[in-house]
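Going down the list, the protein sequences come from chains F and C. Position one of the first sequence corresponds to residue 570 (the working numbering), numbered consecutively onward. Position one of the second sequence corresponds to residue 570 (the working numbering), numbered consecutively onward. For reference, the structure is listed below as structure tokens.
There are 2 protein chains.
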Amino acid sequence: MGVAERKLRAKEEMRHLILETARKLFLEKGFEHTSLRNIAEAIEYSPATIYLYFKDKNELFHALHIEGFQMMLEYMQPLVAIPDPFERLIELSHTYIRFARENPEFYDLMFIMTAPMDALDTEEKWAMGDQTFGFVVNLIEECQKTGRFQGKDAYQMAFYCWSSVHGLVSLEIRQRTRVCHDEKMRACLVEDSLAYFIEAMSKL
Amino acid sequence: MGVAERKLRAKEEMRHLILETARKLFLEKGFEHTSLRNIAEAIEYSPATIYLYFKDKNELFHALHIEGFQMMLEYMQPLVAIPDPFERLIELSHTYIRFARENPEFYDLMFIMTAPMDALDTEEKWAMGDQTFGFVVNLIEECQKTGRFQGKDAYQMAFYCWSSVHGLVSLEIRQRTRVCHDEKMRACLVEDSLAYFIEAMSKL
DNA sequence: GACTTTACTAAACAGTGTTCAGTATATTTG
DNA sequence: CAAATATACTGAACACTGTTTAGTAAAGTC
């Protein structure tokens with residue numbers, strides 16, 4: 570019978586509504602300044618209702634952080650057109666930084682905040698991160714076929730690349746570029762450091 | 570007259586008591602699970618008293634994060650005995666990681682959390698970070714005198730080094746090393762990546 | 001001894017995430 | 001169709017949080 574199916578669909582729609590409203594509010598006012606009560610008010614339901622669709626706030630964060638990875642994937646789409654894997658790796662770094670800068674709240678959620686990770690059970694792995702990371706590993710392996718990164722472990726190398734770019738971006742997002750007094754220099758601190766990274770990679 | 574001096578001393582002692590108690594509780598239960606009320610209870614004063622010594626919670630965090638930099642400085646002390654600047658740079662990286670691992674809460678406060686930075690006024694610079702960063706810049710300049718990093722900007726290079734090591738450490742602290750399923754590999758993910766970084770540095 | 005300053009606090013305010021008993025509606029069953 | 005059950009939702013409470021303010025009691029000054 571179609572009743573059960575309709576109910577299931579309604580339940581999923583409600584989940585979606587909560588998620589989209591949460592995302593909208595988070596992007597408008599930031600994570601720090603958005604509460605479950607704000608979200609509940611926006612969808613015109615009681616706060617308790619949210620708990621019928623998400624175990625707790627961390628699980629809501631976790632669901633949103635999956636959306637973040639999908640967004641990131643869209644950013645990365647154009648990269649497939651670049652034939653040379655090393656050039657693709659360089660462009661990946663630039664795109665990664667651009668994603669972080671254009672979506673700082675999402676970047677925070679995906680790679681800095683603890684909340685979405687707390688929603689994972691102990692010993693449960695980080696599926697979204699895992700999948701995305703897999704692409705980088707493959708890319709490194711492709712680079713190795715063209716003679717680069719010889720004798721290096723692709724997995725290890727991928728982590729190194731990721732952490733290098735994350736280091737730059739996360740310092741900027743969390744305001745630590747304020748060590749730099751010169752405003753002009755601060756603006757290109759990340760880009761110029763990335764240039765050093767790329768130079769280093771080309772020599773490895 | 571000695572009355573004013575005694576009062577000033579008492580005020581400073583009280584500030585110190587709050588700070589030390591806060592530090593103790595933060596290290597015991599973590600920042601997330603320690604409130605101003607907890608701290609007030611521990612020192613057997615009312616929560617409102619804390620506001621006579623600190624503008625708000627962020628300022629307390631800021632005061633603590635200065636203590637963190639002093640702790641870090643102590644970690645770095647033995648490095649002065651290393652004559653070669655590049656070797657000193659390498660050892661600095663290792664020590665930095667060791668500090669982060671042995672004091673994750675402090676590392677978080679110093680380089681990841683936004684709270685202590687929010688305590689700074691707009692356009693006010695980050696004094697502690699600035700001072701510490703200065704040492705790295707000097708170290709890079711010394712390296713340049715021995716022929717390394719030619720044609721690179723020392724300041725820019727220092728930021729690149731810092732961000733590289735921070736990237737590794739912050740991913741670990743904020744649980745993103747969970748992308749790695751293999752527990753054994755995960756344990757040395759940071760160290761092995763650091764080895765790649767050092768190799769890259771030696772070729773720059 | 002009266003006046004003022006200082007150090008402190010009780011209580012409230014406005015918010016947070018979360019739980020649970022209860023209700024109204026929708027669906028299924030006899 | 002009526003009774004029983006299942007579903008979706010909520011009001012109100014709980015136990016917190018950071019922060020402010022009016023008021024108090026002691027200490028210091030004149």
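C-beta: ideal position from N, C-alpha, C; glycine also.
query = Which term fits R578 of chain F, buried or exposed, when burial requires 16 or more other beta carbons within 10 angstroms of its beta carbon?
reply = Exposed, because fewer than 16 other Cβ atoms sit within 10 Å of the Cβ of R578 of chain F.
inquiry  = I'd like to know if V520 of chain C contacts chain F, where contact means its C-beta is closer than 8 Å to some C-beta of that chain.
reply    = Nothing can be reported for residue 520 of chain C, as the shown portion of chain C is limited to 570 through 773.
task = Have a look at R592 of chain F and I681 of chain F and give me their C-alpha separation to the nearest angstrom.
result = Roughly 17 Å between the two C-alpha positions.
key: Cα-Cα separation, F766 of chain C to E643 of chain F   = Approximately 30 Å, taken between the alpha carbons.
ask   = Along the chain, which unbroken stretches of the alpha helix (DSSP H) at least 4 residues long are found entirely within the stretch 650 to 730 of chain C?
value = Counting only unbroken stretches of 4 or more residues, the alpha helix (DSSP H) elements lying wholly within the stretch 650 to 730 of chain C are 654 to 671, 673 to 680, 684 to 687, 696 to 714, in sequence order.
task = Locate the alpha helix (DSSP H) running through H585 of chain F, then write down its first and last residues.
result = First-last of the alpha helix (DSSP H) with H585 of chain F: 571 to 598.
Selection of the stretch 675 to 693 of chain F by Cβ proximity to chain C, strictly under 7 Å = Per Cβ criterion, the list reads F680, I681, T683, M686.
Beta-carbon contacts of F626 of chain C that lie in its chain and below 8 Å, excluding the five residues immediately before and after = The identity of residue 626 of chain C in the sequence shown is Lys, whereas the question assumes Phe. Taken in chain order, the residues that qualify are L605, A684.
ask   = Taking contact to mean at least 3 C-beta pairs separated by less than 8 Å, is the stretch 740 to 748 of chain F in contact with the stretch 687 to 706 of chain C?
value = Taking 8 Å as the limit for Cβ pairs, the verdict is that the stretch 687 to 706 of chain C does touch the stretch 740 to 748 of chain F.
request  = Check the Cβ-Cβ distances between R667 of chain C and every residue of chain F, and say whether any is below 8 Å.
outcome  = With its beta carbon at least 8 Å from every one in chain F, R667 of chain C lies outside the interface.
key: alpha helix (DSSP H) segments (min. 4 residues) lying fully within the stretch 748 to 773 of chain C   = When DSSP assignments are scanned along the stretch 748 to 773 of chain C, the uninterrupted stretches of alpha helix (DSSP H) that are 4 or more residues long and fall wholly within it turn out to be 752 to 756, 758 to 772.
key: Range of the contiguous alpha helix (DSSP H) that encloses T618 of chain C   = Where T618 of chain C is concerned, the enclosing alpha helix (DSSP H) stretches over 616 to 619.
ask   = Starting from K626 of chain F and walking both ways along the alpha helix (DSSP H), at which residues does that stretch end?
value = Annotation: the continuous alpha helix (DSSP H) that includes K626 of chain F extends over 626 to 645.
ask   = Which chain C residues are close to R747 of chain F, counting only those with a beta carbon under 9 Å from its beta carbon?
value = Neighbours of R747 of chain F in chain C, taken as residues at a C-beta separation under 9 Å, are given in chain order as M686, L689, E693, K694, W695, G698, D699.
ask   = What in chain F is Cβ-close to D761 of chain C, meaning under 7 Å?
value = Per Cβ cutoff of 7 Å: Q725.
key: Start-to-end residues for the alpha helix (DSSP H) that takes in E610 of chain C   = First-last of the alpha helix (DSSP H) with E610 of chain C: 605 to 611.
message = Between C:L629, C:K624, C:R575, C:G571, which has its C-alpha nearest T590 of chain C's C-alpha?
response = Minimum Cα distance to T590 of chain C is reached at C:L629.
message = Just to confirm, is the Cβ distance from L740 of chain F to S732 of chain C under 8 Å?
response = Against a cut-off of 8 Å, the Cβ pair of S732 of chain C and L740 of chain F comes out as a contact.
request  = Find out if the Cβ-Cβ distance for the pair Y622 of chain C, M679 of chain C is shorter than 8 Å.
outcome  = No, Cβ-Cβ distance for Y622 of chain C and M679 of chain C is not below 8 Å.
inquiry  = If you measure between the beta carbons of M697 of chain F and F638 of chain F, is that distance less than 8 Å?
reply    = For M697 of chain F and F638 of chain F, yes; Cβs fall inside 8 Å.
request  = Using a cut-off of 7 Å between C-beta atoms, extract the partners of Q646 of chain F located in chain C.
outcome  = Under the 7 Å cutoff, chain C gives no residues; its nearest Cβ is about 21 Å from Q646 of chain F.
message = Could you check whether the stretch 715 to 726 of chain F touches the stretch 650 to 657 of chain F, counting it as contact only if at least three pairs of C-beta atoms, one from each stretch, sit closer than 8 Å?
response = Yes, the stretch 715 to 726 of chain F touches the stretch 650 to 657 of chain F.
query = Does the stretch 723 to 737 of chain C come close enough to the stretch 704 to 713 of chain C to have 3 or more Cβ pairs within less than 8 Å?
reply = Contact between the stretch 723 to 737 of chain C and the stretch 704 to 713 of chain C is present, because at least three Cβ pairs lie under 8 Å.
inquiry  = To the nearest angstrom, how far is the alpha carbon of V759 of chain F from that of V738 of chain F?
reply    = Distance between the alpha carbons of V759 of chain F and V738 of chain F: 7 Å.
key: Proximal residues, the stretch 613 to 647 of chain C versus chain F, C-beta separation under 9 Å   = Cβ contacts with chain F: none found.
ask   = Do you know how far the Cα of G720 of chain C is from the Cα of K598 of chain F?
value = Going by the C-alpha atoms only, they are around 43 Å apart.
request  = Say whether chain C places a C-beta atom closer than 8 Å to the C-beta of R743 of chain F.
outcome  = Chain C has a Cβ within less than 8 Å of the Cβ of R743 of chain F.
inquiry  = So, with DSSP's three-state summary, where would you put H735 of chain F?
reply    = In the structure shown, the three-state DSSP call for H735 of chain F is helix.
message = Taking the straight line between their C-alpha atoms, what separation do you get for E699 of chain C and I635 of chain C?
response = Reading off the sequence shown, one finds Asp at residue 699 of chain C, where the question assumed Glu. When rounded, the distance between both Cα atoms is 12 Å.
query = Between I608 of chain C and H750 of chain F, what straight-line distance do the alpha-carbon atoms span, to the nearest angstrom?
reply = Near 35 Å, if we compare the C-alpha coordinates of H750 of chain F and I608 of chain C.
task = Flag K598 of chain F as yes if its beta-carbon sits less than 8 Å from any beta-carbon of chain C, otherwise no.
result = Not closer than 8 Å to any Cβ of chain C, the Cβ of K598 of chain F fails to qualify, so no.
ask   = Roughly how many angstroms lie between the CA atoms of M570 of chain F and K576 of chain F, to the nearest whole one?
value = For M570 of chain F, the pLDDT reaches just 49, beneath the cut-off of 50, and the residue's location in the model is therefore unreliable, although a value from the coordinates is still provided. Going by the C-alpha atoms only, they are around 11 Å apart.
query = When you compare each of F:L596, F:F595, F:L588 to I619 of chain F by their alpha carbons, which one comes out closest?
reply = Ranking F:L596, F:F595, F:L588 by Cα distance to I619 of chain F puts F:L588 first.
message = Considering only their Cβ atoms, is the gap separating L633 of chain C from A611 of chain C smaller than 8 Å?
response = No. Outside cutoff.
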